[in-house]
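Visitor: This is the structure, below, for whatever I ask next.
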Amino acid sequence: MEAYGGVSPEDGIAMWVADMDFRAADVLQEAVQGLLEKANYGYFASDAKAIQAAAWWMKERHGWAVDPDWMTSTLGLGHAIALLLETFTDPGDEVIIFTPVYHEFTNKTKNAGRVVHESPLVIRDGIYHMDFDALEAGLTGKEKAVLISSPHNPAGRIWTVEELQQLAAFCEKHDLLMISDEIHHDLAFPGNSYTPFMVAAPEAAHRTIVLTAASKTFNIAGARNAAVTIPEAEKRKKFRHALLVHQTQPNLLGVELTAAAYTPRGAEWVDELVPYIAGNAQVFNDGVAQIPGVVPMPMQSTYLAWVDFANTGLSMEDVLRRVHEDARLVPSVGGFGTGGETFLRFNIGTRRANVEEAVSRLQDAFSDLQ
């Protein structure tokens, strides 16, 4: 934490990495204990039970009756995005992303030798919307893929069925590969509903790839396991060949934890988690909104709050000095692309007391604002 934000871990609060700090669900602990008791960590037969569990989860929790044969395991979603770009686009191709967005979209695209094509989101009624008119007007003809975060990171915007259908139609019109990162799918707050892209726009199956994982929901990113769903057979074959070329296979721990998470017991844990996170969001956003000029974006999901400091009249250098030095908080800074310049992202996936303390510190750090 000190290296990232210059804040001592002695009294600082880490709020940047997209991980929760809750104790793992008992069902996961038991799965690890089962591995320990077997005392054998060698080769294993297959990842079938993780795939079957993921398919069951998507149907039971989200109404998506996905064929398990469409799903392929990867070493996390970051690995999946990188390999998909390598497999289905060429160097110099443009990849459309809706900014501000998770910084790894930009990093993975650039690292692959592809070109980031930003489509800045617009704020209406306090929340983000895609601007298809502006996007279409700025097309260069070099675009080959769209990479979307659904629900959106940061701010937790849940795209409506109509918006997803509009995006599907846009991809069809311009012959674009649609890659939908849906890693935050389980974290819709009470009163909100996430719809999988393939449920909203099944007609786009031939050009769509959906990425899911248990990692954000169950805090198991270290297990490095995700599912890439490719309905179209030729694309699926091509992707699996790329995995074979790279000699990439799932790991034992990731398979076991995913299979344990995507169960009725895992569902019970999530049903307790999400209202708690929603409560944290209300405490945090209500609290920081009391600071003059500070505007938190309303959250519909996730534990990644998105706060705008543009109207404080302060430079972002001064804002960061106050947040780091005075409040001793370390949120995510920069890297989210156009539209995110005056925002900070705060991870509220923690104990309520930590959230309350963070709010109190921020209020004190900006107490001189009128």
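At position 41 of the sequence shown (counting the first as 1) the number is 41 in full-length UniProt numbering, and the numbers step up by one without a gap. We treat Cβ as the ideally placed atom computed from N, Cα and C, and that holds for glycine.
Where does Y303 sit, in a helix, a strand or coil, going by DSSP?
Guide: Reduced to three states, the DSSP call for Y303 is coil.
Visitor: How would you write the range of the alpha helix (DSSP H) that I96 sits in, first residue to last?
Guide: It is not in any alpha helix (DSSP H) - I96 instead sits in the beta strand (DSSP E) that spans 94-99.
Visitor: What residues are listed by DSSP as bridge partners for A14?
Guide: Its beta-bridge partners are V330.
Visitor: Per DSSP, what are the beta-bridge partners of A145 in this structure?
Guide: For A145, which the question treats as bridged, DSSP gives the partners V95, L177.
Visitor: Between which residues of its own chain and Q290 is the CB-CB distance below 8 Å, once the five residues before and five after are set aside?
Guide: Closer than 8 Å at the Cβ level, and outside the excluded window around Q290, lie Q363.
Visitor: Can you give me the Cβ contacts of H79 inside the same chain, cut-off strictly under 8 Å, excluding the 5 residues immediately before and after it?
Guide: Cβ within range, chain order: R224, A226, T248.
Visitor: If you follow the beta strand (DSSP E) that N347 is part of, which residue opens it and which one closes it?
Guide: Unbroken beta strand (DSSP E) run through N347: 343-347.
Visitor: Cβ of G141 within 9 Å of Cβ of G113?
Guide: Their beta carbons are not under 9 Å apart, which means G141 does not touch G113 by this criterion.
Visitor: Are three or more beta carbon pairs between the stretch 35-53 and the stretch 344-361 nearer than 8 Å?
Guide: Counting Cβ pairs under 8 Å, fewer than three are found: no touch.
Visitor: Which of helix, strand or coil does DSSP assign to T72?
Guide: If DSSP states are grouped into helix, strand and coil, T72 belongs with the strands.
Visitor: Does DSSP classify V355 as helix, strand or coil?
Guide: Correct three-state label for V355: helix.
Visitor: Check this for me: beta carbons of T109 and I127, under 9 Å apart or not?
Guide: Cβ distance not < 9 Å, so T109 and I127 don't count as in contact.
Visitor: Which residues mark the beginning and the end of the alpha helix (DSSP H) in which T106 is found?
Guide: Start and end: 103-111.
Visitor: May I have the straight-line CA-CA distance separating E256 from K49, to the nearest angstrom?
Guide: Answer to the nearest angstrom: the Cα atoms are 8 Å apart.
Visitor: Going by DSSP in three states, V66 sits in which element: helix, strand or coil?
Guide: Looking at V66 - three-state DSSP - the assignment turns out to be coil, as it is neither helix nor strand.
Visitor: In chain order, which continuous runs of the alpha helix (DSSP H) of length 4 or greater are located wholly inside the stretch 244-286?
Guide: You should have 252-261.
Visitor: If I measure Cβ to Cβ from E357 and keep anything under 8 Å in the same chain, skipping five residues before and after, which residues do I get?
Guide: Cβ within range, chain order: I13.
Visitor: Cα separation between L211 and S180?
Guide: Rounded to the nearest angstrom, the two C-alpha atoms are 6 Å apart.
Visitor: Buried or exposed for N311, going by 16 or more other Cβ atoms inside 10 Å?
Guide: The residue is exposed, with fewer than 16 neighbouring Cβ atoms inside 10 Å.
Visitor: At what residues does the alpha helix (DSSP H) containing H79 begin and finish?
Guide: Its alpha helix (DSSP H) spans residues 77-88.
Visitor: Taking the CB atoms as reference points, tell me whether V199 and W64 lie closer together than 9 Å.
Guide: Going by C-beta atoms, V199 is nearer than 9 Å to W64.
Visitor: So, do the stretch 19-35 and the stretch 181-191 have three or more beta carbon pairs nearer to each other than 8 Å?
Guide: Result no; under three Cβ-Cβ pairs closer than 8 Å.
Visitor: Within the same chain, show all residues whose beta-carbon is closer than 6 Å to that of V122, passing over the 5 residues directly before and after it, in chain order.
Guide: Taken in chain order, the residues that qualify are H129, D131.
Visitor: Please report the residue range of the alpha helix (DSSP H) in which T217 lies.
Guide: Taken as a continuous stretch (DSSP letters only), the alpha helix (DSSP H) holding T217 covers 215-218.
Visitor: Taking the Cβ atom as the reference point for each residue, do A25 and G266 lie within a distance shorter than 9 Å?
Guide: Result yes, Cβ atoms of A25 and G266 sit closer than 9 Å.
Visitor: Using the Cβ count rule (16 or more neighbours within 10 Å means buried), how would you classify S367?
Guide: Exposed is the call here.
Visitor: Have a look at I158 and F197 and give me their C-alpha separation to the nearest angstrom.
Guide: Distance between the alpha carbons of I158 and F197 is about 11 Å.
Visitor: First and last residue of the beta strand (DSSP E) that includes A31?
Guide: From DSSP, A31 is part of no beta strand (DSSP E) but of the alpha helix (DSSP H) over 26-38.
Visitor: Quick check on V115: does DSSP put it in helix, strand or coil?
Guide: DSSP places V115 in strand when its eight states are reduced to three.
Visitor: Does the beta-carbon of H129, which I'm using as the reference point, lie nearer than 8 Å to any heavy atom of the ligand FAD?
Guide: The model on display carries no ligand, and the ligand FAD is accordingly not part of it.
Visitor: Just to check my reading of the structure: V283 and R352 have Cβ atoms closer than 8 Å, yes? What is that Cβ distance to the nearest angstrom?
Guide: The Cβ separation is near 7 Å, so the contact holds.
Visitor: For Y194 versus E203, is the C-beta spacing smaller than 9 Å?
Guide: Contact: no.
Visitor: Specify, as a first and last residue, the run of the beta strand (DSSP E) that V210 falls within.
Guide: First-last of the beta strand (DSSP E) with V210: 208-212.
Visitor: Could you give the distance in angstroms between the alpha-carbon of Y262 and the alpha-carbon of A365?
Guide: Roughly 42 Å separates the two Cα atoms.
Visitor: Assuming A18 contacts K216 under a Cβ cut-off of 8 Å, what Cβ separation, rounded to an integer in Å, is found between them?
Guide: Indeed they touch by this definition, with Cβ atoms about 7 Å apart.
Visitor: Taking only the alpha-carbon atoms, compute the straight-line gap between M297 and T342 and give it to the nearest angstrom.
Guide: If you take the alpha carbons of M297 and T342, they lie about 12 Å apart.
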